[in-house]
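Trainee:
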Amino acid sequence: MTNIGSDLPRADGWDKVAGKSQYTVDYSESGMLHGCVLRSPVVCGRIVRVDVEAARSMPGVRAVVTATNVGNGRAGMLVRDQTLFADREIRHHGEAIAAVAADTLAQARAARDAIELEAESLPALTTMAQALASDAPLVHPDWESYALNPMAAELRRQGNVAGELIADPDGVDEAFERAHLVVEDEFCVDRQYQAYLEPMSAVARFTDGRCIVRTGSQFPYNIREELAAYLDVRLSDVRVIGQTVGGGFGAKLGCGTEGYAAVLSRAVGGRSVRVVKTRDEDIVTAPVRENAELRIRTALDAEGNMTAREFSCDMDCGAYGLETPTFPSILFHFAAGIYRIGPVRVHARAVYTNTPPTGAFRGVNGPAVYFAVERHMDNIARRLNEDPMAFRARHMLRDGDTLLNGQALADAHIAREACEAVQKSLPAVGARQSGDRLRGVGSATGFWVTNPLPGSVTITVGEDGRLHVLTGANDNGSGAVAMGLTQIVAEAMGVSTGEVIVGLPDTDLSGYDSGSQGSRTTHIVGKAALIAIDDLKTRIFDVARQMLPPGANELELVGGMVRAVGIGDAQVPLAAVFQMANFSNVSLSGSGTYATTPPAFTPGCAVGLTMPSLLTPTYHAHRAEVEVDSVTGNVRLLRYVVAQEVGRAINPDGIMGQIQGGIAQGIGFTLTENLRLVDGRYLERSLEAYRLPLAQDLPRVEVVLLEHPDSEGPFGAKGVAEPPLVFAPAAIANAVSDAVGKPFYKLPITPEDVLFALDT
Amino acid sequence: MQQLTFEVNGRREVVAVDVGETLLDCLRERLHLTGAKDGCREGECGACTVLVDGQPVDACLYPALACEGVSVRTVEGIGTPSEPSDLQKAIVEHAGLQCGFCTPGIVVVLTALLEAVPNPGRANIQTALAGNLCRCTGYAQIEDAVLSLASGAKDGL
Ligand code: FES
Ligand code: FES
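Just so you know, the sequences run in chain order P and F.
The opening residue of the first sequence carries number 99 in my numbering; numbering runs sequentially from there.
The opening residue of the second sequence carries number 229 in my numbering; numbering runs sequentially from there.
#1: Measuring alpha carbon to alpha carbon, tell me which of P:Pro221, P:Ala199, P:Arg490, P:Leu220 ends up nearest aspartate 211 of chain P.
#2: Which residue or residues does DSSP assign as beta-bridge partners of cysteine 134 of chain P?
#3: Excluding the five sequence neighbours on either side, which residues of its own chain have a C-beta within less than 7 angstroms of the C-beta of lysine 382 of chain F, listed in chain order?
#4: Taking 7 angstroms as the line, does the beta carbon of glycine 538 of chain P fall inside it for any heavy atom of ligand 2?
#5: Measuring alpha carbon to alpha carbon, tell me which of P:Ala626, P:Lys114, P:Arg364 ends up nearest valine 335 of chain F.
#6: Note the first and the last residue of the continuous beta strand (DSSP E) segment covering tyrosine 450 of chain P.
#7: List the residues of chain P that valine 303 of chain F touches, going by C-beta distances under 7 angstroms, in chain order.
#8: Does DSSP classify aspartate 271 of chain P as helix, strand or coil?
#9: What first and last residue would you give for the alpha helix (DSSP H) that runs through alanine 513 of chain P?
#10: Within a Cβ cutoff of 6 angstroms, which residues of the same chain sit near methionine 130 of chain P, ignoring the five residues on either side of it in sequence?
#11: Looking at cysteine 254 of chain F and ligand 1, is the gap between the Cβ and the nearest heavy atom below 7 angstroms?
#12: Would you kindly check if the distance between the Cβ of cysteine 295 of chain F and the Cβ of valine 234 of chain F is under 8 angstroms?
#13: Determine whether the Cβ of lysine 382 of chain F lies closer than 8 angstroms to any Cβ atom of chain P.
#14: Just the Cα atoms here: how many angstroms apart are alanine 446 of chain P and glycine 169 of chain P?
#15: Based on Cα-Cα distance, which residue from P:Arg276, P:Gly759, P:Gln644 lies nearest to glutamate 401 of chain P?
#16: At what residues does the alpha helix (DSSP H) containing valine 587 of chain P begin and finish?
#17: For a quick check, are the C-beta atoms of arginine 737 of chain P and glutamate 800 of chain P less than 8 angstroms apart?
#18: What first and last residue would you give for the beta strand (DSSP E) that runs through glycine 340 of chain P?
#19: Given a cut-off of 8 angstroms on the beta-carbon distance, is the pair glycine 811 of chain P and histidine 621 of chain P in contact?
#20: Verify the contact flag: arginine 269 of chain F, CB atom, against every heavy atom of ligand 1, threshold strictly below 7 angstroms.
#21: Less than 8 angstroms separating the beta-carbons of glycine 461 of chain P and leucine 804 of chain P?
#22: Would you mind giving the Cβ-Cβ distance between asparagine 572 of chain P and proline 318 of chain P, rounded to the nearest angstrom? I have them listed as a contact below 8 angstroms.
#23: What does valine 335 of chain F reach in chain P if we use C-beta pairs closer than 9 angstroms?
#24: Along the chain, which unbroken stretches of the alpha helix (DSSP H) at least 4 residues long are found entirely within the region 628 to 690 of chain P?
#25: Using the beta-carbon count (16 or more within 10 Å), is alanine 251 of chain P buried or exposed?
#26: Once the 5 residues before and after isoleucine 213 of chain P are set aside, which same chain residues still bring their CB inside 6 angstroms of it?
#27: Kindly examine ligand 1 and report whether one of its heavy atoms sits closer than 7 angstroms to the Cβ of serine 274 of chain F.
#28: Once the 5 residues before and after cysteine 517 of chain P are set aside, which same chain residues still bring their CB inside 6 angstroms of it?
#29: Would you check if the region 170 to 185 of chain P and the region 418 to 429 of chain P touch, i.e. whether three or more CB-CB distances between them fall below 8 angstroms?
#30: Measure the C-alpha to C-alpha separation of arginine 240 of chain F and alanine 368 of chain F and round it to an integer number of angstroms.
#31: Taking the alpha helix (DSSP H) that proline 849 of chain P falls in, what are its first and last residues?
#32: According to DSSP, what are the bridge partners of threonine 42 of chain P?
#33: According to the Cβ coordinates, are valine 641 of chain P and alanine 673 of chain P closer than 8 angstroms?
#34: Using the Cβ count rule (16 or more neighbours within 10 Å means buried), how would you classify valine 852 of chain P?
#35: Mind pulling the chain P residues with CB within less than 8 angstroms of phenylalanine 234 of chain F?
#36: Please go through the region 134 to 189 of chain P and give each complete beta strand (DSSP E) segment of 3 or more residues, from N-terminal end onward.
Put into C-alpha cells, the structure is as follows:
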C-alpha cells in the first residue's frame, strides 16, 4: 500500500497555491449582472412600506425584487420557517428586504440605497430570557403551520421553543436525595463566527426554464432543495454546480446568496446574476455558532462516585431555526461525557429570538457541551481534592458500557489510551508562578462521532485509462476529497493519485451527497467509492479476461494494468480494456452509495430526539499548557497536545492540518473571538473587530494519532475534522482556571475576565 | 476613466481605470488576474496582497492610479501550477493550504519575506504573516514549509 497513510500532496494544491483555483467570486458568465441585497436596519418590526420605484428607474438597474413580487416560498433545514425576504414581519437585524440587479455592482448598490423602507419598530426579544417569558410575544406566530422536513419528524416545538429535548430517566431525584455531595455549575458561551475567508457568493441563471446556480457550497444538494422551496419549483428544476469552496465550517451548508441570485435572474428573464456578500453583511447574516447557557448538577456518594446528573441548556436559534433546533439532541448524547454517572436528566431547548439566526459551525454544539462537562469534571475533582485525570479515569466508560440512549460503546478503552498518550507527552505538573506569569495545565477527553448520512460515487474508466470520479461531495478545504477520497480510489484501483480525477459536484450529474459536514466525507464517500470500485472491478475483469491468456482467472489491478495472478507477466493496460469494453457493450463504470447503519438504541430514552444514535465514534484527549500574564490578563498557549483516534490515517499531514486548524478555531472561541450582541445587533462587524487568532498566537500542536481501523470505514478511516475544535475550549479553559486558581465559567475568557478573577 | 500604465508580472500594461478604483479591482476585473482575492475589502485579511515595487500592499485599499509607472507582482507572477516557485512547492508539500483562499496573499507575503530574509526563523515568519488571516490551517504547516526552504538553503540543497 503506497497511497494510504502517505503524505501525498492534495490534488487541488497546485492550482490553489498559484492562484488559479476558481472560487465563485472568480467565476463570471457573459452578460452577467451584479446583485445586492437591502437589509433591515431594524431589529424587530413591521414593514409599513417598501417603495422601489425610484430605484427601478436608476441607471443600469434591471430588476428590483421584494417579498411581494418573488413568490417567497418557505425553506429551512428542519422547519421551513424562512423566506427569502421579510414579508410583513422583520424578525432580525440584517434580514433581507429587497434585492437589486444592475449592470455594475456600483449601480446595484446605488439603487439599493434609493429603496425607501418604512418600518415600524416593535419591542424585540433580544435575549432567550425575554423569549421564554410566559407573556412573550411569538417570534413566529404561525409556527404551527410551518412544514417540517423529514429529519424534523421527532422535533418538539412550542411557540418560541424551536426544538426541545427532555430525558427523564428513573432514579435521578432519589440519587440527589441520597447524595453525599452535590456539585453545581453554570456556564455560558457566546457566539462564534465561522469567518471563512471567501465571503458567501453565487452566480445564477435560468436556461430551458431551469435554474442553474454556481456556488462554493458545502452541500450542493441542500442548496438545490432550499432553492426549489424558495422558488416554488420542482427539485429537478434546479441545478447546483459546485465551485472551489473558500472555507465554510458549517456556514455554507444552506443558502446564503444563492436564493437572491436566483430570484434576480428569474426577474431579469434568465440572465446571469452574481451576488457576493460584503464582509460586514457576511458577519451579520452568517449562521454563526449559537450562544448558550448551560447548567449542570452532579450527585456524588460518600466514595466520590458520580451517581446522577441534571443537565439543562438553552441555546439561541436567533430568528430562524436553520440547524439549531436539532442541537438539543446532540447535547443529550454528550451530557454525561464519557463517564459512568448513573441516570442523567436532560432538558435542552433551542429558542427563537429577534437576533440574527445561528446554525452549524464545525462540531455544532460540541464545543459548548464539552466545555461545560469537562470544566464541571475539574470542579468536582477539586471539591474532592482529587487529581482531575485520576477522577476521570475512575469514572470512564468501559468497553460495552451504554450511553444515555442505551447504545453500547464497544471500544471506550481508546479514550483511556488517548489520556495516557497526552499524559506522557505533557505531564500535568500543577499550577506554578514566576514573576507576573502564571502557568497552568488543563485537559479534556471524550468521544465524538462521524456523521452517517448517505453519499454516492460513480467511477468511470476513460479512453486513456484514467479514472473519473463523479460525486456530489465537495472539498470544503479539509482535503477530504483532494486527499482522502483521491487516495482511497487510487489505492483500491492500483494506480497513482495522478490517475484519479475528481470533478466538482453537479446535482444534474453526480449523485446525491449529504454535504461536507460532521466529519463525514472521507469515511462515507470513501466507503461509497469502495463499493463503486467493487462494481467497476468486476466489469473490468470480465472484459480483461477475454484479452488475457486462457486460465487467467484471478486478476488484479497494479500500476494501471490488469494483471493475471500467477501467469507470468500477462497484463493489459486499462486503456486497452476500455477500448475492448467500448465495443463489447460493457460500460466501464461503477457506482456505490453508502450510509452508516444505525446501531440499536433505547426508543423512549428521550422525547424530541431528532438524532437517536451516535455512529462511528472516535476518541480524544487534549491537554493545554497556558501562561497567564497577571498584569495584562493575556493568555498564551505554551504547549498543546492532542491524542486523536482516527480509525486509520489516510493522509497524516492532512489530519495534522485538520487538528492544527481546529485547535486554532478552538483557541479563538475560548480566548479571542467575541461576537457580542447588544440589543439584537452585533458589536463586531469587521475582521478587525472580530479577532481571529494570528500565526503568533498559536502553538504548534503536538499530535499523537491513534489508529484503530473501523470495520466499515474505507481502509478503516473514521471522521477527523470536527473533534479538534470540540475539545479545545474545555482543555484551555481548564488550563486557565488552573493557572489563575479561579474557575472560569464563560467563553470567551477575555483579558478583562482574567484580571477580574485575579482581583477577586 | 483615466489611463494607467504600469508593469504587471514583468509585462507592460495600459488600462483605463476609474478614479477611485482599487488596484484589486483593476487586477481582477480588467486584467483578469484573479489570484489576488477579495476576502474583506477592508484591509484586514491580506488575501488581496500583491507586491508594489517589491513591497506587500493590500490591493483592496491601494488606489490603482497610484500604480502609474510602478511594477506590480501578483501570485500569478511568482509561479504556475506546473512550474511553482520553491515556496509554492513547499507549501503544497507541507499541506500548508486547505481551502486556499488565503494562499495567494500568503505566497506573496512570504515571497517578499524570503527575498529580504533568506533564512527566516519561526518568529520572523509569524511576524510576516501578522497581516494575513488563514482560518483553515492554524498556520503551522505554512511555517514548516518556509522553514524547510531555510534549512534546505543552509544544507546547500
Ligand atoms: S481583501 Fe484586502 S485585506 Fe482583505
Ligand atoms: S487555507 Fe483556508 S483560509 Fe487559509
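All C-beta atoms, glycine included, are put in the ideal place defined by N, C-alpha and C.
As the structure is a prediction and not an experimental result, all values here were calculated from the model.
Mentor: Straight from the coordinates:
#1: P:Ala199
#2: P:Val198
#3: Interpretation of lysine 382 of chain F is limited by its pLDDT of 43, a score under 50 that renders its predicted location unreliable; the figure taken from the coordinates is listed afterwards. For lysine 382 of chain F, where only same-chain residues beyond five positions count, the Cβ hits under 7 angstroms are Asn347.
#4: no
#5: P:Lys114
#6: 442 to 450
#7: Ala116, Gly117
#8: helix
#9: 511 to 523
#10: Ser370, Arg372
#11: no
#12: For clarity, residue 234 of chain F is phenylalanine in the given sequence; the question names valine instead. Taking 8 angstroms as the Cβ cut-off, phenylalanine 234 of chain F and cysteine 295 of chain F qualify as a contacting pair.
#13: Caution applies to lysine 382 of chain F, whose pLDDT of 43 falls short of 50 and renders its modelled position unreliable; the model cannot decide the point.
#14: 35 angstroms
#15: P:Arg276
#16: 584 to 591
#17: yes
#18: 336 to 340
#19: yes
#20: yes
#21: no
#22: 7 angstroms
#23: Val115, Ala116, Gly117
#24: 672 to 680
#25: exposed
#26: Leu136, Val150, Ala153, Ala196
#27: One detail in the question is off: residue 274 of chain F reads as glycine in this sequence, not serine. Yes, since a heavy atom of ligand 1 falls inside the 7 angstroms radius drawn around the Cβ of glycine 274 of chain F.
#28: Thr543, Ala719
#29: yes
#30: 37 angstroms
#31: 849 to 857
#32: Summary: the structure shown does not reach residue 42 of chain P, with chain P confined to residues 99 through 858, and so no result is reported for it.
#33: no
#34: buried
#35: Within chain P, no residue comes near phenylalanine 234 of chain F; the closest Cβ sits about 19 angstroms away, beyond 8 angstroms.
#36: 143 to 149, 159 to 164
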